[in-house]
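Working notes, structure below.
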Amino acid sequence: MVGCAGCGADGRRRGSLAVLCCALLGTGLCHTGTEVEGFGQDARTSPPVAVFNWTAQLVEETYTNITQKCWELFVDLMKNVTVSELCEWKVISRPYSFLQTCLETWADHLHYGYPNALAERYIFQSHHRYFHNCTLEHQVYFDPPEDVLLAMIIAPICLIPFLVTLVIWRSKDGKAQP
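Numbering (mature numbering (1 follows the signal peptide of the UniProt record, and there is no 0)) for the sequence shown: -30 to -1, 1 to 148.
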């Protein structure tokens, strides 16, 4: 296995982006060359990193390739989920969160902006492909129609001055109440 910045010799991750880096070695975003002398774990410093002046087109192309890899990894993770488990959040939360994190992390890493149309397309695609038959077990409440809502707001407002007037009128009666 080719080494990757952030990955150990065994390929296990060390950082939050490292697992994606190891999975996406084909994109050319990871340092895959040999260790620079004087840097690394022994020296407790990182090798120098070249700074690239990426064009918007290159960033978009790179993000498109990475999101495709994110999608492929998500589909691979979803192969372990049975049809009866597709609507159970405890089962699908890990693959779904992985997809969202992958899309968001790489967009942030490439300064691409998130949410974006490409990420939304993959999220919608995941819902259409895997979760379209999921319904909520509890009833979803909606706002009442505007006329009902208006009546519920205006009725107490109009009732308050009437009640204040009634209290003042009754308190002006000088007779003590037993």
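Cβ coordinates follow ideal geometry from the N, Cα and C atoms, glycine included. If you're wondering where the values come from, they're calculated on a predicted model, not measured in any experiment.
Taking its Cβ as the centre, do 16 or more other Cβ atoms sit within 10 Å of T52, making it buried, or is it exposed? In the sequence shown, residue 52 corresponds to position 82, counting from 1. With fewer than 16 other Cβ atoms within 10 Å, it is exposed.
Report yes if the C-beta distance between P65 and F94 is below 8 Å; otherwise report no. For the purposes of this step, residue 65 is identified with residue 95 of the sequence shown, where counting begins at 1. For the purposes of this step, residue 94 is identified with residue 124 of the sequence shown, where counting begins at 1. No, the Cβ-Cβ distance between P65 and F94 is not below 8 Å.
What residue does the alpha helix (DSSP H) around S54 start on, and which one ends it? Position 84 of the sequence shown, counted from the start, is the residue given in the question as residue 54. No alpha helix (DSSP H) contains S54, which DSSP labels as neither H nor E.
Taking the beta carbon of T37 as the centre, do at least 16 other beta carbons fall within 10 Å, making it buried, or is it exposed? On the sequence shown, residue 37 is found 67 positions in, with the first residue counted as 1. Buried is the call here.
Buried or exposed for T32, going by 16 or more other Cβ atoms inside 10 Å? Here residue 32 corresponds to residue number 62 of the sequence shown, with the count starting at 1. Buried.
How should I123 be labelled, buried or exposed, when 16 other C-beta atoms within 10 angstroms of its C-beta is the threshold for buried? Looking up residue 123 in the sequence shown gives position 153. Answer is exposed; the Cβ neighbour count stays below 16.
Cβ-based burial, S141 [other Cβ within 10 Å; buried from 16]: For the purposes of this step, residue 141 is identified with residue 171 of the sequence shown, where counting begins at 1. Burial call: exposed.
Boundaries of the alpha helix (DSSP H) in which W139 is found, first to last residue: For the purposes of this step, residue 139 is taken as the residue at position 169 of the sequence shown. It spans 116 to 142 - the alpha helix (DSSP H) in which W139 sits, taken as one unbroken run.
Just mark C72 as buried or exposed, buried being the case when its beta carbon has 16 or more other beta carbons within 10 Å. The residue labelled residue 72 in the question sits at position 102 within the sequence shown. By the neighbour-count rule (16 or more Cβ atoms within 10 Å), C72 is buried.
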